[in-house]
Every structure is written in structure tokens, then in C-alpha cells.
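Take a look at the structure set out below.
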Amino acid sequence: MSSFNLRPARTSDVAEIRRLVAPLADRRVLLEKEAVAYFESLQQFRVAEDDDGTVVGCGALHVMWEDIAEVRTLVTSVPGTGVGHALLGQLLDDARAVGVQRVFCLTFEVEFFVRHGFEVMANQSVVDPEVYSELLRSTDEGVAEFLDLARVKPNTLGNTRMIKIL
């Protein structure tokens, strides 16, 4: 692949995002989501497309609270080409632009995220008790995973919880 460009996702990209996610969902690396979930969160997504306009990567930034967001669904079909690095860099820039100071992720790709300044979370002290109680009101499964709530345990894939201070 010679080059790629990043852009905000469009509704027409949802099928391609699902295509990128499908093999990882089959291997239980990512959770499979219904199309409606991608449409509902489309504004959070960035995609990478090659010179032919083919979507070769995607990633999303989900703001969870005033100062914390989660990188979600970071996927590339062309590993080792810099697509994942560029997407993560863009998502971190997006986080800074909206005022987020910490970015969280759940991943099997620990080394990739370490290379980008993330650290394995030792505990949940990254949010104070007042924020924790507010986050408990969220119906978002990613927030529940971040809080390590028992109700998401059956869905846990065994990935590592990581965080980066911006």
C-alpha cells in the first residue's frame, strides 16, 4: 500500500467497518456489534482509506466523562503500514481537541499501545469516587467495562486495561 488518508467516518463506511471488525470478532479479539450501534456512534469514528478509496482501518474515540475517553474499535487490515499508528495519533489529537486529559483502552495489543505511551492500569483510582458514582449511571457497555462492573464479566474477552495521560 503506497499511502492512505484519514477522515471522519460516513454512513457509507459502516459496512466496511463491520467487515474490518468481523474477523477479530470471530477470534474474540473484539466484540461484535449490530450495525445500528455503529450508526449511533458514527461521529466518534475515523477511517483510513487507501488511494483507491478502500477503507483499510478505523478507530473511535468515545468520551466517557469530562476528562476521560476510550479508544474503541481500532482496527487495520494492513498491519505494519502505519495505519494503526496514524489512526491512534488522530484519535489522541481528537481527545485533546475536546479537552480530554486521559485516554483508556481495552486491548490485546499491549505492546502497540505501550509504544504510544499507554500504561497498564493497576487499579481504578483513575477516577475519583464522585465521578465513579456518576459513571455508574451510564448504560454504555464500554463504560461498564472501564469500571470493571460484574455485569460485563461474561463479555470480557481477557484483554488488558490501559491508560494514557495526555
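The sequence shown runs 2 to 167 under the working numbering. In this text, a Cβ means the ideal position worked out from N, Cα and C, and glycines have one as well. This one's a predicted model, so the numbers in the text were calculated from it and none came from an experiment.
First and last residue of the uninterrupted alpha helix (DSSP H) at V79: Within the sequence shown, numbered from 1, the residue matching residue 79 stands at position 78. Taken as a continuous stretch (DSSP letters only), V79 belongs to no alpha helix (DSSP H), as it is neither H nor E.
Residues of its chain near D95, where Cβ-Cβ distance is below 7 Å and the 5 sequence neighbours each way are ignored: The residue you call residue 95 lines up with position 94 of the sequence shown. Taking C-beta separations shorter than 7 Å and ignoring five residues to either side along the sequence, the partners of D95 in its chain run L62, following chain order.
Per-residue DSSP class, three states only, for R11: The residue given as residue 11 occupies position 10 in the sequence shown. Coil.
Check whether V56 and V84 have beta carbons under 8 Å apart: Counting from 1 along the sequence shown, the entry for residue 56 is found at position 55. Counting from 1 along the sequence shown, the entry for residue 84 is found at position 83. Contact flag unset, no.
DSSP bridge partner residues for R73 (one or two, in chain order): Here residue 73 refers to the residue found at position 72 of the sequence shown. In DSSP, R73 forms a bridge with A61.
According to DSSP, residues forming a beta bridge with M163: Counted from its first residue, the sequence shown places residue 163 at position 162. C106 and V121.
C-beta contact flag for L167 and R103 at 8 Å: Residue 167 sits at position 166 when you count from the first residue of the sequence shown. Residue 103 sits at position 102 when you count from the first residue of the sequence shown. Yes. Within cutoff.
Cβ-Cβ distance between A87 and L7 below 8 Å: Mapped onto the sequence shown, residue 87 falls at position 86. Mapped onto the sequence shown, residue 7 falls at position 6. Contact: yes.
Within 8 Å, strictly: CB atoms of V99 and M163: Stepping through the sequence shown from its first residue, residue 99 is reached at position 98. Stepping through the sequence shown from its first residue, residue 163 is reached at position 162. Note that the C-beta distance between V99 and M163 is not below 8 Å.
Span of the alpha helix (DSSP H) around V115: In the sequence shown, residue 115 corresponds to position 114, counting from 1. Looking at the DSSP string, the run of the alpha helix (DSSP H) that includes V115 is V111 to R116.
Alpha helix (DSSP H) segment containing E41, residue limits: As a first step, residue 41 is located in the sequence shown; it is residue number 40 there, counting from the start. Note, E41: alpha helix (DSSP H), A36 to E41.
8 Å CB neighbourhood of L25 in its chain, flanking five on each side removed: Locating residue 25 in the sequence shown gives position 24, counting from the first residue. In its chain, beyond the 5 residues on either side, L31 and V76 have a beta carbon closer than 8 Å to the beta carbon of L25.
Boundaries (first-last residue) of the beta strand (DSSP E) holding D51: Stepping through the sequence shown from its first residue, residue 51 is reached at position 50. Looking at the DSSP string, the run of the beta strand (DSSP E) that includes D51 is F46 to D51.
From D51, F40 and L93, residue whose alpha carbon lies closest to that of T82: Residue numbering aside, residue 82 sits at position 81 when the sequence shown is read from its first letter. Proximity to T82 across D51, F40 and L93 peaks at D51, based on C-alpha coordinates.
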